[in-house]
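Participant:
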């Protein structure tokens, strides 16, 4: 645990609902965000991978964030994704997030061009930081090589931390590779490290991680929160085992569509199931099977105060 | 060769020069575009991969295109890249290109999320086409799996052509795999197919391709144009051999930085060598070696009317 962390605990990369017109549905989005913060999440990372963040346009991202902050959610609990392929759009989104008072930003590396040099990636982040030029900017590096292909090497992380110690404060590791997370934790004890899956939550906490930022926190943050709150207690391993089993069961389905299908089912709101191309909604039969399987094997359900 | 092609011949994905402030340098850009059209190119594809197109911001792309059209270049000869990760930004860029009167657009698939379904990709393009809703929209599918990772399967190409026969008119194949290009040419004789490298120019033309869209056309379009103009003549193979050898020599260096280094050298304009992060300029020693090697082995040089 860090001395004065900007974030810790359970953070959800919030799924994005779409209206009948295909645009982001602000009302459903805000309602889901508020529910998450009341049901286990300590923070939210809108516009992550699970959020279909890169399927949102530049202006849409800023509009959705403004709506969320206007709704009354504390911006210090928000860590929006602001990394884009282009330096320019990354700066636009990052400046905007800082202006909105966000506690941090989750920043992908520029991911179109493959095998960039370490020097080129360093310069990209250096230019963003120097252009935004604001001490309130707190960057969480977003390492997700299975999707972005471009990632952060240990030396690059160290170089960025050394050059920008007050700005480059954390990292989300979605490599899915515990040995990589462990190596980062060992090398940089001052970095706020969040594994990208709750499967590594307890091991992470025992090795200095700050929590987790996980797709499935959209539907099962409460269990993760129990692990986080009790990680030094006698039941920690047992709590983690339950969380791990549920995660693995959900992972049997395409992640973004199944999360939306689960929310749609329990909210009795079929519109929630929509995905924006290139994603498609889970077919109804598969959605029904997911609901049933998770309920039978894990007692999984979602309880919404507003639901009928 | 198609009956009424929108494009044919040699098309350059124009490299983008950067000013001292790091912004796109409009004057250098327009000068280079005009020189290309006077020195072998039949068309231009700004904001392709070689253009560092995905390193330009949403607004920058539109501003640069407006400047280019304002400069007097015939927009019918322009095929700007308009494909982005998000549906929304792809629509914005595509509508803008059509409004500017561009002869076509070169459209990447949404490339952040990996392994999208064919249905999801189809819906993405369908939504773009239905939203832009303009008969003047002519889409060239941009297949470049080595970089974008996401590409176009033969069935997807056929489905898009069948559903949108007046809109989906062509494809750039930058797979680097001749057997893939050949399969597309054989399956879809009505499609305007452009291999992404001049190495396949003559083989392409003999099998129904429309020309090529190639990075190296930025510095060596004239030779490609000779192949294109004489592909049925007795010297075709010999002309192709020269073009292939030069391409392979240039490929020995990082493509975008070496093209800029060559232009900087022959224009006597060191500012041309700049690249935007995550790219970096070619180190001076390597640039000098490239100039010398290409001159010695291939008699390579660039002659600019305005140069000292």
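Residue numbers (the numbering used here), protein chains in the order written: chain U, 22 to 329; chain H, 22 to 329. The beta-carbon is built from N, C-alpha and C at its ideal position, and this holds for glycine as well.
Can you tell me where the alpha helix (DSSP H) holding residue 62 (chain U) begins and where it ends?
Facilitator: Taken as a continuous stretch (DSSP letters only), residue 62 (chain U) belongs to no alpha helix (DSSP H), as it is neither H nor E.
Participant: Under 9 Å, Cβ to Cβ, is there at least one residue of chain U near residue 110 (chain H)?
Facilitator: Taking Cβ atoms only, chain U reaches closer than 9 Å to residue 110 (chain H), which makes this a yes.
Participant: How is residue 190 (chain U) classed by DSSP in three states: helix, strand or coil?
Facilitator: strand
Participant: How about residue 120 (chain U) and residue 94 (chain U): are their beta carbons less than 9 Å apart?
Facilitator: no
Participant: To which residues does DSSP link residue 164 (chain U) through a beta bridge?
Facilitator: Residue pairing by DSSP puts residue 164 (chain U) in a beta bridge opposite U:194.
Participant: Closest by CA to residue 154 (chain H), which one among H:116, H:73, H:30?
Facilitator: H:116
Participant: When you compare each of U:203, U:187, U:147, U:58 to residue 30 (chain U) by their alpha carbons, which one comes out closest?
Facilitator: U:58
Participant: Report yes or no: is there a C-beta of chain H within less than 9 Å of the C-beta of residue 135 (chain U)?
Facilitator: yes
Participant: Closest to residue 177 (chain U) by C-alpha separation, out of U:299, U:195, U:143, U:305, would be which residue?
Facilitator: U:143
Participant: On the CB-based measure, 16 or more other CB atoms within 10 Å of its CB, does residue 269 (chain H) come out buried or exposed?
Facilitator: exposed
Participant: Can you tell me which of the three DSSP states residue 213 (chain H) falls into?
Facilitator: strand
Participant: Based on DSSP bridge pairs, tell me the residues matched to residue 232 (chain H).
Facilitator: H:30
Participant: Is there at least one Cβ from chain U nearer than 9 Å to residue 142 (chain H)'s Cβ?
Facilitator: It does; some Cβ of chain U falls within 9 Å.
Participant: Can you tell me the Cα-Cα spacing of residue 328 (chain U) and residue 159 (chain U), whole angstroms?
Facilitator: For residue 328 (chain U), the predicted model reports a pLDDT of 44, less than 50, meaning its position is unreliable; a value from the coordinates is still stated below. Between residue 328 (chain U) and residue 159 (chain U), the C-alpha separation is close to 37 Å.
Participant: For residue 152 (chain U), collect the residues of the same chain with a Cβ closer than 6 Å to its Cβ; drop the 5 residues on either side in sequence, then sort them by chain order.
Facilitator: Same-chain partners within the cutoff: 112.
Participant: Answer yes or no: do residue 38 (chain H) and residue 148 (chain U) have a C-beta to C-beta separation smaller than 9 Å?
Facilitator: no
Participant: Residue 128 (chain H) lies in the beta strand (DSSP E); which residues open and close that run?
Facilitator: 126 to 128
Participant: Interface residues of chain U around residue 273 (chain H) at Cβ under 9 Å?
Facilitator: In chain order: nothing, as chain U lies at least about 16 Å away.
Participant: Going straight from the alpha carbon of residue 238 (chain H) to that of residue 67 (chain H), what length do you get?
Facilitator: 12 Å
Participant: Measuring CA to CA, which of U:264, U:28, U:180, U:304 is closest to residue 281 (chain U)?
Facilitator: U:304
Participant: Would residue 70 (chain U) and residue 34 (chain U) qualify as a contact pair, given that the criterion is a beta-carbon distance under 9 Å?
Facilitator: In this structure, the beta-carbon distance from residue 70 (chain U) to residue 34 (chain U) falls below 9 Å.
Participant: Let's test the definition: count the other Cβ atoms within 10 Å of the Cβ of residue 122 (chain U) and tell me whether it reaches 16, buried, or not, exposed.
Facilitator: exposed
Participant: So if I threshold CB-CB distances at 7 Å, which residues from the segment 56 to 89 of chain H count as touching chain U?
Facilitator: Sequence-ordered contacts of the segment 56 to 89 of chain H with chain U read 75, 76, 77, 78, 79, 81 [C-beta pairs closer than 7 Å].
Participant: Give me the residue from U:300, U:311, U:284, U:314 with the minimum Cα distance to residue 323 (chain U).
Facilitator: U:284
Participant: Rounded to whole angstroms, what's the CA-CA distance from residue 32 (chain H) to residue 204 (chain U)? Just pull it up for me.
Facilitator: 47 Å
Participant: Which residues in chain H have a C-beta closer than 8 Å to the C-beta of residue 301 (chain U)? List them in chain order.
Facilitator: 138, 140, 141, 144, listed in chain order.
Participant: Checking contacts by CB at 9 Å: is residue 107 (chain H) closer than that to chain U?
Facilitator: yes
Participant: In whole angstroms, give me the CA-to-CA distance for residue 103 (chain U) and residue 109 (chain U).
Facilitator: 11 Å
Participant: Shorter than 9 Å from the beta carbon of residue 176 (chain U) to some beta carbon of chain H?
Facilitator: no
Participant: Going by DSSP, which residues form a beta bridge with residue 99 (chain U)?
Facilitator: U:65
Participant: Which residues, taken in chain order from the segment 288 to 314 of chain U, show a beta carbon closer than 7 Å to some beta carbon of chain H?
Facilitator: 297, 298, 299, 300, 301
Participant: In terms of alpha-carbon separation, which member of H:180, H:185, H:320 lies closest to residue 240 (chain H)?
Facilitator: H:320
Participant: Taking Cβ positions only, does residue 170 (chain H) come closer than 9 Å to chain U?
Facilitator: yes
Participant: According to DSSP, is residue 45 (chain H) part of a helix, a strand, or is it coil?
Facilitator: In the structure shown, residue 45 (chain H) sits in a strand (DSSP, three-state: E or B).
Participant: Looking at C-alpha atoms only, which residue of H:133, H:132, H:80 is the closest neighbour of residue 118 (chain H)?
Facilitator: Looking at the Cα atoms, H:80 is the closest of the given residues.
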